[in-house]
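Q: The listed protein sequences derive, respectively, from chains A and B.
Residue 2 in this note's numbering sits at position 2 of the first sequence; the count goes up by one each step and never skips.
With the second sequence counted from 1, adding 1000 to any position gets you this note's numbering.
Cβ atoms here follow ideal geometry from the backbone N, Cα and C, with glycine treated the same way.
2 protein chains.
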Amino acid sequence: MKELPIHIQLDLKSGKTLYEQIYEYIREEIRAGRLLVNEKLPSARFLAQDLQVSRTTVDMAYGQLVAEGYLVARPKRGYYVSALEGLYELRELPFAGQKSGEGRQMESSQEQSDACRYDFSPNVIDMRLFPYATWKKITRNILVDAKSHMFALGEPQGDVELRTTVCRYLHGSRGVNCEPEQIIVGAGNDFLLLLLEKILGRHIHVAMENPTYVRAYKIFRSFAYPVSLVPVDEKGIRVDCLRKTDAQIAYVMPSHQYPTGVSMPIGRRMELLKWAAEEEGRYLIEDDYDSEFRYKGKPLPSLQASDTAGRVIYIGTFSKAIAPAIRISYMVLPYPLLERYRRECGFFSSSVSRIDQTILNEFIRDGYFERYLNKMRKHYRMKHDLLLSEIRPLEKEFRITGGNAGLHILLTDKKGRSEAVLEEAARSQGVKTYRLGDFRMGEASDIGEESGFLMPATMILGYGGLSMEEIREGIGILKKVWS
Amino acid sequence: MKELPIHIQLDLKSGKTLYEQIYEYIREEIRAGRLLVNEKLPSARFLAQDLQVSRTTVDMAYGQLVAEGYLVARPKRGYYVSALEGLYELRELPFAGQKSGEGRQMESSQEQSDACRYDFSPNVIDMRLFPYATWKKITRNILVDAKSHMFALGEPQGDVELRTTVCRYLHGSRGVNCEPEQIIVGAGNDFLLLLLEKILGRHIHVAMENPTYVRAYKIFRSFAYPVSLVPVDEKGIRVDCLRKTDAQIAYVMPSHQYPTGVSMPIGRRMELLKWAAEEEGRYLIEDDYDSEFRYKGKPLPSLQASDTAGRVIYIGTFSKAIAPAIRISYMVLPYPLLERYRRECGFFSSSVSRIDQTILNEFIRDGYFERYLNKMRKHYRMKHDLLLSEIRPLEKEFRITGGNAGLHILLTDKKGRSEAVLEEAARSQGVKTYRLGDFRMGEASDIGEESGFLMPATMILGYGGLSMEEIREGIGILKKVWS
């Protein structure tokens, strides 16, 4: 591990602080290419000694360089010169598709996506058909009539008009059985999960499906909660494995598990509900993230709809079905938790403006949302059907699953290739695909051999953000490189 | 408990499953009014036996009916026909004043306030002068130009345009020294504090001023943090007492302590900054909640402005200065915490829509905010001056403090009366006043005899929401009942 000398001439009489001088020197060295990507910098202790300055001065300079993206700090290893692309820059989103607010995020291999011509991200929605004009019209009309009460702070749970509308919508489309008073409206799923942590209290043990939605996993990990990972089979979370954990809470996606695409059949649902009802204080968090898009068969009702014991916390969002910018999610609390929320968390004020709540309320109430959903269902179904028919020739090489719903499918390799090999083969021809492995959390040993489901290399293809033409072309390439 | 017979003729040869037949039969009975609201259905076990079908079949039929709202399941009692409307009432806010979003909330005696004609709440702002037309115009213009990128999810920290504008504003008006990259924009102070908990990590010990902002106290208590209460004297938080605690974090309001109205002089600020810099990992949270309104003397710079060691986390909001509905607050992080945020919490997505960020950005950038603040400063100063001059005759009975800034003053009794007696005397004549005691947290023994400051009965009079006429009349009554 070579320690690189930094030859700075510090000037005590210059107008600049020592920290600024160190910062500027290193920044210029990087910009000029004299310090190269992945080169290790001297430790702060070493450099401070070398320059005869305080450790804090060097820490501040390094901190600034990290913050600005010139350096990257690797825990227990030190500071390294960053690869400059995409660090803290805002990646410009392609016009066609938008990263969904509550997007199921790919964390590990996103950097390369920009370079690819066809990005089969499972985390992009198509905003080309969004009724911008209608949304603007509603906003304009609301503002014309807006009196000061519109600029006041609303109820902590959200305005009753919106909650009533959401309640009716959830009931009609998802079979969710609740009263408006059980709904909490918040600025995104993340906010609601932060709030839920406070409602559930400390010392809670959470179980999650594995593979799972990475952001939710990170959020639970950021709580003071132990997280157990439970394998998923072709019916969803394995309740037999769940029973081996000490979990009180299980976070599940029964309608369309992310990312496996599994829909949980009623039998497994009943098993899961039974588990929850068996002990005081057990709850299921149902994340019904893209229930709006189902193409084959009857829409499955939510798990909450089958819950007779009041053990399901239902969470959903409008970021996916409407637009990522609509920072409005909702959480339906069973009565015992609602009571705890009111007693212990009622002081958290609403995180959504009344104006936004009113716009959304009218958009749903006046039927625009339903019409938009119908249009999008047709639109996504066209893409979905095209993708499935185009990909058919690959059925010799792959088992294809996860169709019929949502915005992505999965291809499980039959020929013993690795995900890395498949990803790279596609990437080299300008097609970005995603690896199921990136959604598997924890150590390999956590997963256990019992979870053979989708264990061979499995690639994820999302189609939300691609046009028909792009799907056809992208799959055309995959057929060549993956067969 | 009568069990109602269900006379279904099940048809094994029909295309429909047994569950669907049961479901449809009962649904029709309800629709036709043959089953009445609140009528109890046979238990699933009973009906299964009666129809010679499996229990699961009946469970599924009932489940579907509950899901669709025809039946309601009452735990341990069974299934009942639902009443179709849900009831929920929203309390209407008074037109004149709005509860401020980040309002310093009175928790204990709010219920009575409705009955009072004159409400001297310290938690109401005057929205009568808000430039609604300007706000609407900006919104309209933004929507006209809005392309799909406006409906996309923005950066987790907030859009860089808004952060740059906020940075400039904070520097100019509060002397805050920071870069846009240090700012995190969020949907309200509560959200930012929830995020800050994740940034600071577990096992943090917090100190707060006592008396203090009750909502922040509750929020910290809802964290897994021990909270120490530190007395306030006429210079602010007592650093000598702070030193006796194990706190790493102190939450302070140096510019205008809430609710005591104390402005911390530079000497005390230096003491406080020194405390923070002395040990690794110590930070001050500066809540600069109503720094915009100062009527006498130069505006005090923020504590952050004097911080050379990077130990101040600066938090502020637009809910008070603009409107409670503007769910936009900001937090300025010192670099080490910024780095930790990016490393460990960067996955929390933005809680504010880009549209709202853009409206606010233009409102500030184009000078409307400054103009509105100037107008409000004049307006509040008029009320402030009127209140002080009207209340002068009570100087024999009370020591009057906390003036010169903010939207409330304090009256400390010289005659040994209790806060309860004073409050009730006013309330009986239709004037709602507030007790300082309600802002003192913890046990009496926590406060300690050393905190003699404002210890005799002290009443709080806020004037944000009252008109000049109401102030005159309300104080007129107080002069009679309190002298």
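Going by other Cβ atoms of all chains shown within 10 Å of its Cβ, with 16 needed for buried, is residue 418(A) buried or exposed?
A: Numbered from its first residue, the first sequence carries residue 418(A) at position 418. Residue 418(A) should be labelled exposed.
Q: Looking at the C-beta of residue 317(A), does it have a partner C-beta in chain B at a distance below 8 angstroms?
A: Counted from its first residue, the first sequence places residue 317(A) at position 317. Residue 317(A) does not count as touching chain B.
Q: Of all Cβ atoms in chain B, is any one closer than 8 angstroms to the Cβ of residue 352(A)?
A: Indexing the first sequence from 1 puts residue 352(A) at position 352. So, interface residue.
Q: From residue 455(A) to residue 424(A), what does the alpha carbon distance come to, in whole angstroms?
A: Taking the first sequence and counting its residues from 1, one reaches residue 455(A) at position 455. Taking the first sequence and counting its residues from 1, one reaches residue 424(A) at position 424. Straight-line Cα distance between these residues: approximately 19 angstroms.
Q: Identify whether residue 1361(B) lies in helix, strand or coil by the three-state DSSP scheme.
A: In the second sequence, residue 1361(B) corresponds to position 361, counting from 1. Residue 1361(B) falls in the helix class under three-state DSSP.
Q: Return the residue from the list 1398(B), 1482(B), 1441(B) and 1406(B) that minimises the CA-CA distance to residue 1432(B).
A: As a working mapping, residue 1432(B) is identified with position 432 in the second sequence. Checked all of 1398(B), 1482(B), 1441(B) and 1406(B); the closest Cα to residue 1432(B) is 1482(B).
Q: So, residue 368(A) versus residue 1146(B), is the Cβ gap smaller than 8 angstroms?
A: For the purposes of this step, residue 368(A) is identified with residue 368 of the first sequence, where counting begins at 1. For the purposes of this step, residue 1146(B) is identified with residue 146 of the second sequence, where counting begins at 1. It is not a contact, given that the beta carbons lie outside the stated cut-off.
Q: What residue does the alpha helix (DSSP H) around residue 1169(B) start on, and which one ends it?
A: If you number the second sequence from 1, residue 1169(B) lands on position 169. For residue 1169(B), the enclosing alpha helix (DSSP H) stretches over residues 1160-1174.
Q: Write down every uninterrupted run of the alpha helix (DSSP H) in the region 381-450 of chain A whose length is 4 residues or greater and which is fully enclosed by it, in chain order.
A: Every alpha helix (DSSP H) stretch that sits fully inside the region 381-450 of chain A and reaches 4 residues is listed by chain position as 419-427 and 444-447.
Q: Looking at chain A, is there any beta carbon in it that lies within less than 8 angstroms of the beta carbon of residue 1336(B)?
A: Against the second sequence, residue 1336(B) aligns to sequence position 336. Chain A contact via Cβ: present.
Q: Note the first and the last residue of the continuous beta strand (DSSP E) segment covering residue 249(A).
A: In the first sequence, residue 249(A) corresponds to position 249, counting from 1. From DSSP, the beta strand (DSSP E) with residue 249(A) extends over 249-252.
Q: Cα-Cα, which of 1287(B), 1338(B), 1349(B) and 1336(B) is closest to residue 1316(B)?
A: Against the second sequence, residue 1316(B) aligns to sequence position 316. Cα-wise, what sits closest to residue 1316(B) is 1287(B).
Q: Please list, in chain order, all residues of the same chain as residue 415(A) whose beta carbon is under 8 angstroms from its beta carbon, the five residues on each side excluded.
A: Position 415 of the first sequence, counting from 1, holds the residue named residue 415(A). Hits under 8 angstroms: 397.
Q: Closer than 9 angstroms by beta-carbon distance: list the chain B residues that pair up with residue 306(A), in chain order.
A: By one-based count along the first sequence, residue 306(A) stands at place 306. The answer, in chain order, is 1059, 1060, 1063, 1064, 1066 and 1067.
Q: Please identify the residue among 226(A), 134(A) and 16(A) whose C-alpha is closest to the C-alpha of residue 360(A).
A: Here residue 360(A) corresponds to residue number 360 of the first sequence, with the count starting at 1. Closest by alpha carbon: 134(A).
Q: So with CB distances below 8 angstroms, who are the chain B contacts of residue 356(A)?
A: Your numbering for residue 356(A) matches position 356 in the first sequence. The answer, in chain order, is 1353 and 1356.
Q: By how many angstroms is the C-alpha of residue 439(A) removed from the C-alpha of residue 213(A)?
A: Numbered from 1 along the first sequence, position 213 holds the residue referred to as residue 213(A). Numbered from 1 along the first sequence, position 439 holds the residue referred to as residue 439(A). Those two C-alpha atoms are separated by around 7 angstroms.
Q: Report the neighbours of residue 1345(B) on chain A: residues whose CB is nearer than 8 angstroms to its CB, in chain order.
A: In the second sequence, counting from the first residue as 1, residue 1345(B) sits at position 345. Scanning chain A for C-beta atoms nearer than 8 angstroms to the C-beta of residue 1345(B) yields 222, reported in chain order.
Q: Can you list, in chain order, the residues of its chain whose CB lies under 7 angstroms from that of residue 1224(B), leaving out five sequence neighbours each side?
A: Looking up residue 1224(B) in the second sequence gives position 224. These residues qualify, in order along the chain: 1202.
Q: What residues of chain A sit near residue 1198(B), judged by a beta carbon separation below 9 angstroms?
A: For the purposes of this step, residue 1198(B) is identified with residue 198 of the second sequence, where counting begins at 1. Per Cβ cutoff of 9 angstroms: 194, 219, 222 and 223.
Q: Helix, strand or coil, according to DSSP, for residue 267(A) in the structure here?
A: In the first sequence, the residue the question calls residue 267(A) occupies position 267. Helix, per DSSP.
Q: Would you kindly work out how many angstroms separate the C-alpha atoms of residue 1477(B) and residue 1460(B), rounded to a whole number?
A: One-based indexing of the second sequence puts residue 1477(B) at position 477. One-based indexing of the second sequence puts residue 1460(B) at position 460. Spanning the two alpha carbons is a distance of roughly 15 angstroms.
Q: Measure how close the beta-carbons of residue 1209(B) and residue 1253(B) come, nearest whole angstrom, since I'm counting them as under 8 angstroms.
A: Position 209 of the second sequence holds residue 1209(B). Position 253 of the second sequence holds residue 1253(B). About 7 angstroms; that satisfies the 8 angstroms criterion.
Q: For residue 187(A), return the contacting residues in chain B, with the cut-off set at a CB-CB distance below 9 angstroms.
A: As a first step, residue 187(A) must be located in the first sequence, where it is residue number 187. In chain order: 1186, 1187, 1188, 1191, 1327, 1350, 1351, 1352 and 1353.
Q: Go through its chain and collect everything with a Cβ distance to residue 1109(B)'s Cβ below 6 angstroms, but skip five positions before and after it.
A: Indexing the second sequence from 1 puts residue 1109(B) at position 109. Confidence in residue 1109(B) is poor, its pLDDT being 36 and thus under 50, which makes the residue's placement unreliable; the coordinate value appears in the next sentence. If we look at residue 1109(B) and ignore the five residues flanking it on each side, it has no Cβ neighbours.
Q: Is the region 1399-1412 of chain B touching the region 1248-1264 of chain B, taking contact as three or more C-beta pairs under 8 angstroms?
A: yes
Q: Work out the CA separation of residue 220(A) and residue 1178(B) for me, nearest whole Å.
A: The residue you call residue 1178(B) lines up with position 178 of the second sequence. The residue you call residue 220(A) lines up with position 220 of the first sequence. One C-alpha to the other measures close to 31 angstroms.
Q: Taking residue 462(A) and residue 126(A) to be in contact with their CB atoms under 8 angstroms, please state how far apart those CB atoms are, rounded to whole angstroms.
A: The sequence position of residue 462(A) within the first sequence is 462, counting from 1. The sequence position of residue 126(A) within the first sequence is 126, counting from 1. With a Cβ gap of about 11 angstroms, residue 462(A) and residue 126(A) do not count as contacting.
Q: Using a Cβ cut-off of 8 angstroms (strictly closer), state whether residue 143(A) contacts chain B.
A: For the purposes of this step, residue 143(A) is taken as residue 143 along the first sequence, with counting starting at 1. Residue 143(A) belongs to the set of residues whose beta carbon lies under 8 angstroms from a beta carbon in chain B.
Q: So what does DSSP say about residue 208(A), is it helix, strand or coil?
A: Against the first sequence, residue 208(A) aligns to sequence position 208. Annotated three-state conformation of residue 208(A) is strand, per DSSP.
Q: Taking the Cβ atom as the reference point for each residue, do residue 218(A) and residue 1363(B) lie within a distance shorter than 8 angstroms?
A: Position 218 of the first sequence holds residue 218(A). Position 363 of the second sequence holds residue 1363(B). Taking 8 angstroms as the Cβ cut-off, residue 218(A) and residue 1363(B) do not qualify as a contacting pair.
Q: With a threshold of 8 angstroms, are at least 3 pairs of Cβ atoms found where one atom belongs to the region 1045-1063 of chain B and the other to the region 1017-1024 of chain B?
A: yes
Q: Taking only the alpha-carbon atoms, compute the straight-line gap between residue 98(A) and residue 475(A) and give it to the nearest angstrom.
A: Start at 1 with the first residue of the first sequence, and residue 98(A) comes out as number 98. Start at 1 with the first residue of the first sequence, and residue 475(A) comes out as number 475. Model confidence at residue 98(A) stands at a pLDDT of 42, short of 50, so the residue's coordinates are unreliable; what they give is reported in the following sentence. Cα to Cα, residue 98(A) sits roughly 21 angstroms from residue 475(A).
Q: For residue 202(A), return the contacting residues in chain B, with the cut-off set at a CB-CB distance below 7 angstroms.
A: To locate residue 202(A), count along the first sequence from 1; it is residue 202. Listed along chain B, the residues sitting closer than 7 angstroms to residue 202(A) by beta-carbon distance are 1224.
Q: Distance, Cα to Cα, residue 190(A) vs residue 180(A)?
A: Residue mapping note: residue 190(A) aligns to position 190 of the first sequence, counting from 1. Residue mapping note: residue 180(A) aligns to position 180 of the first sequence, counting from 1. Cα to Cα, the separation comes out at about 21 angstroms.
Q: Looking only at C-alpha atoms, which of 142(A), 468(A) and 373(A) sits nearest to residue 290(A)?
A: For the purposes of this step, residue 290(A) is identified with residue 290 of the first sequence, where counting begins at 1. The option with the nearest alpha carbon to residue 290(A) is 373(A).
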